[in-house]
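What follows is a single structure, written as structure tokens, with notes after it.
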Amino acid sequence: MRRPAVVLLAALLLTGASACARHTQDSEVVEPAPEPVQVEMKNLFALPVEVYAGGGGSNFRLGVVHPGMTGHFKVPLNITRSGSTEFMLTTNSSATNPWKSGPMLLSPGVTVDIVAAQRFFSSTAVIRP
Numbered sequence: 020m021r022r023p024a025v026v027l028l029a030a031l032l033l034t035g036a037s038a039c040a041r042h043t044q045d046s047e048v049v050e051p052a053p054e055p056v057q058v059e060m061k062n063l064f065a066l067p068v069e070v071y072a073g074g075g076g077s078n079f080r081l082g083v084v085h086p087g088m089t090g091h092f093k094v095p096l097n098i099t100r101s102g103s104t105e106f107m108l109t110t111n112s113s114a115t116n117p118w119k120s121g122p123m124l125l126s127p128g129v130t131v132d133i134v135a136a137q138r139f140f141s142s143t144a145v146i147r148p
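This note's numbering puts the first residue of the sequence shown at 20, with every later residue one more than the last.
In structure tokens, the structure reads:
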């Protein structure tokens with residue numbers, strides 16, 4: 020008498036567990052994280068240049084690119100998600116004013132090409148098509 024009750028209880032538990040397991044797998048949809056914005060910066064200026072990205076009320080230092088070198092950076096998602104992003108280039112020289120790109124609307128995964136020109140005020144930032 021006791022054995023059929025144990026078998027019935029085990030069957031009910033297995034049926035209930037499999038129903039719950041199927042339900043949790045179907046309801047959880049995982050979306051991939053968006054690609055970060057890539058920055059490729061070429062320094063034609065005579066001094067090392069610091070690269071900053073600003074957006075959403077905060078600034079983030081991407082890094083330093085030395086003269087004649089190219090730097091590759093990724094912009095954090097919290098900078099680009101909140102609307103427009105602005106890039107700024109600075110040097111340690113007090114004679115050089117910081118250069119700003121102006122606001123840019125960037126979608127996830129795009130690449131921005133920045134060139135620090137020999138004449139610093141002529142630097143450019145272009146969204147790669």
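Note that the Cβ used here is the ideal one computed from N, Cα and C, for glycine as well.
Residue i versus residue j: straight-line alpha-carbon distance, rounded
i    : j    : result
V129 : P55  : 8 Å
T34  : V26  : 12 Å
A65  : A114 : 13 Å
L125 : S112 : 30 Å
L28  : E47  : 29 Å
M60  : A144 : 9 Å
Y71  : E50  : 29 Å
E52  : P127 : According to the sequence as given, residue 52 is Ala; it is not Glu. The alpha-carbon atoms of A52 and P127 are separated by roughly 10 Å.
Q137 : L63  : 5 Å
T89  : S142 : 14 Å
S77  : I98  : 7 Å
G102 : G74  : 7 Å
V68  : F139 : 10 Å
Three-state class that DSSP yields for residue i in the structure shown
i    : result
A144 : strand
A135 : strand
V25  : helix
Nearest residue (CA-CA) to residue i, options the options
i    : options                 : result
D132 : T89, L63, I146 and F140 : I146
L81  : L108, S101 and G102     : L108
P122 : T104, T110 and A135     : T104
G87  : P148, A135 and T143     : A135
Residues that DSSP places opposite residue i in a beta bridge
i   : result
E47 : None, per the DSSP bridge assignment.
Would you list, in sequence order, the uninterrupted beta strand (DSSP E) runs of no fewer than 3 residues that lie entirely inside the stretch 65-128?
Within the stretch 65-128, the complete beta strand (DSSP E) runs of at least 3 residues are 68-74, 77-84, 89-94 and 103-109.
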